[in-house]
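Engineer: There's a structure below that I have some questions on.
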Amino acid sequence: MQAAAGPSVRFHAPAPGLRRYITAYYYVDVPPGQAVEDLLHPEWANIRFTLSGHWSMRLAGRTYDPAPKAALFGPSSTTGVVRGEAGVVLGVGLLPLGWARFLRASAADCADQVVELSEFLGPLAQGLHERLGEAAGDAAQVAILDQAFTGLAASKGDFDATLLRAHDLLIDPETGSVEDLAARLGMSSRHLSRLSQRMFGFAPKLLLQRQRFLRTLEALRVHPSEGWAGLIDQRYYDQSHFVRDFHRFMGMSPSAYFALPHPLLGPAARARMSALGASLQGLHGARA
């Protein structure tokens with residue numbers, strides 16, 4: 078007898094005009110009679126629509142059970158635990174420029190939190206959830222999201238090139254310090270701190286630490302058979318430095334993390350890498 082299929086994850090690219098704002102649309106599908114639990118990595122913000130099933134989330138000491146049907150997951154600096162039972166979630170991965178364009182709020186106000194999407198998009202949030210639930214198939218749902226976000230982008234005027242430049246520099250491995258980042262942007266450290274909180278949700282020092290950690294985590298996940306010495310980011314002093322960061326961002330040791338089964342993270346990483354070229358959402362750059 079063939080074993081029942083487990084949870085699956087699939088990705089779709091947004092319309093070309095939205096790719097500086099949105100990494101991807103993605104589906105997490107848990108078959109009937111099954112439940113799944115896994116970790117989430119620190120990442121940029123996400124919008125998630127629960128189309129069916131029961132979904133809950135633990136993040137930064139808070140439990141959201143059930144998670145809002147139309148939810149905004151703010152940018153995160155720590156791991157979360159997601160659980161789903163026999164259902165489908167449709168997500169929208171927001172780049173920082175997408176946050177600035179669509180939501181028009183400080184990212185710090187929603188950092189490490191899950192809130193009702195309606196707090197930021199008003200009646201549009203409920204309308205989108207209803208239309209997505211009534212649409213038949215991925216193509217129809219992706220078309221609905223493309224139309225909605227294209228409309229939001231058009232209604233907000235031109236984008237800020239400074240934000241795009243800041244994002245590019247933040248994920249650049251050659252950006253080694255807050256002072257370096259500020260100098261390359263041509264602004265004071267104080268101005269950079271305000272920009273960072275508004276656009277990314279956190280202080281620039283923490284963001285640089287997060288990006289360094291995510292780069293190393295991706296390298297270890299992509300090349301599991303290789304030794305750590307050749308994979309740890311150049312900004313780490315040594316292996317123990319990376320292990321401290323691992324505890325900071327994931328709440329556990331690397332060995333404990335890699336010993337877990339990852340029924341969602343594993344398929345998501347492979348599908349994301351195949352479709353988008355990066356296995357972690359937090360490593361995506363802005364595409365002009």
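If you want my numbering, it's the position in the sequence shown, counting the first as 1, plus 77. Even glycine gets a Cβ: it sits at the ideal position worked out from N, Cα and C. Keep in mind the model is a prediction, meaning the values are calculated, not measured.
#1: Could you check the C-alpha separation between E207 and A213 for me, to the nearest Å?
#2: Between G164 and H131, is the Cβ-Cβ spacing less than 8 Å?
#3: Beta carbon of A144, beta carbon of T127: below 8 Å?
#4: What three-state label does DSSP hand M276 in the structure shown?
#5: Quick test of your reading: L172 and Y98, contact by CB under 8 Å. State the CB separation rounded to the nearest angstrom.
#6: Provide the residue(s) that pair with A296 in DSSP beta bridges, ordered along the chain.
#7: Considering only the beta carbon of each residue, do D215 and H89 sit closer than 8 Å?
#8: The beta strand (DSSP E) with V219 in it runs from where to where?
#9: Helix or strand or just coil, what does DSSP make of S256?
#10: Could you spell out where the beta strand (DSSP E) holding G307 opens and where it closes?
#11: With DSSP as the reference, label S351 as helix, strand or coil.
#12: Taking all protein chains shown into account, do 16 or more other C-beta atoms lie within 10 angstroms of the C-beta of A122, making it buried, or fewer, making it exposed?
#13: Do you know offhand how far E374's Cα is from R292's?
#14: Please return the same chain residues whose Cβ sits closer than 8 Å to the Cβ of E193, not counting the five positions on each side in sequence.
#15: Apart from the five residues just before and just after P109, which ones in its own chain have a Cβ nearer than 6 Å to its Cβ?
#16: Buried or exposed for P91, going by 16 or more other Cβ atoms inside 10 Å?
#17: What residue from L342, S195, A363 and S351 has the CA that sits closest to V105's CA?
#18: List the endpoints of the continuous beta strand (DSSP E) containing E193.
#19: Would you check if there are 3 or more beta carbon pairs closer than 8 Å linking the segment 246-262 to the segment 277-287?
#20: State the DSSP-derived secondary structure class of M264, mapped to helix, strand or coil.
#21: Taking DSSP as the reference, what is the three-state secondary structure of G168?
#22: Are there three or more Cβ pairs, one per stretch, closer than 8 Å when the segment 131-140 is compared with the segment 170-184?
#23: Less than 6 Å between C-beta atoms, sequence neighbours within five positions excluded: which residues of the same chain meet that for F179?
Structural biologist: On the basis of the data shown:
#1: Using only the alpha carbons, I get a separation of about 12 Å.
#2: yes
#3: yes
#4: helix
#5: Sure, about 6 Å apart at Cβ, within 8 Å.
#6: Answer is none; A296 lacks a bridge partner.
#7: yes
#8: Counting along the chain, V219 falls outside any beta strand (DSSP E), though it belongs to the alpha helix (DSSP H) covering D215 to S232.
#9: Sequence check: residue 256 is Glu here, not Ser. In this structure, E256 counts as helix in the three-state DSSP scheme.
#10: Taken as a continuous stretch (DSSP letters only), G307 belongs to no beta strand (DSSP E), as it is neither H nor E.
#11: helix
#12: buried
#13: Not covered by the structure: residue 374. The range shown for the chain is 78 to 365.
#14: The beta carbon of E193 sits closer than 8 Å to the beta carbons of P145, A147, A148, L149 and A202 from its chain, once the five residues preceding and following it are set aside; these are given in chain order.
#15: A163
#16: When all chains shown are included, P91 counts as buried.
#17: L342
#18: Where E193 is concerned, the enclosing beta strand (DSSP E) stretches over V191 to E193.
#19: yes
#20: coil
#21: strand
#22: no
#23: L229
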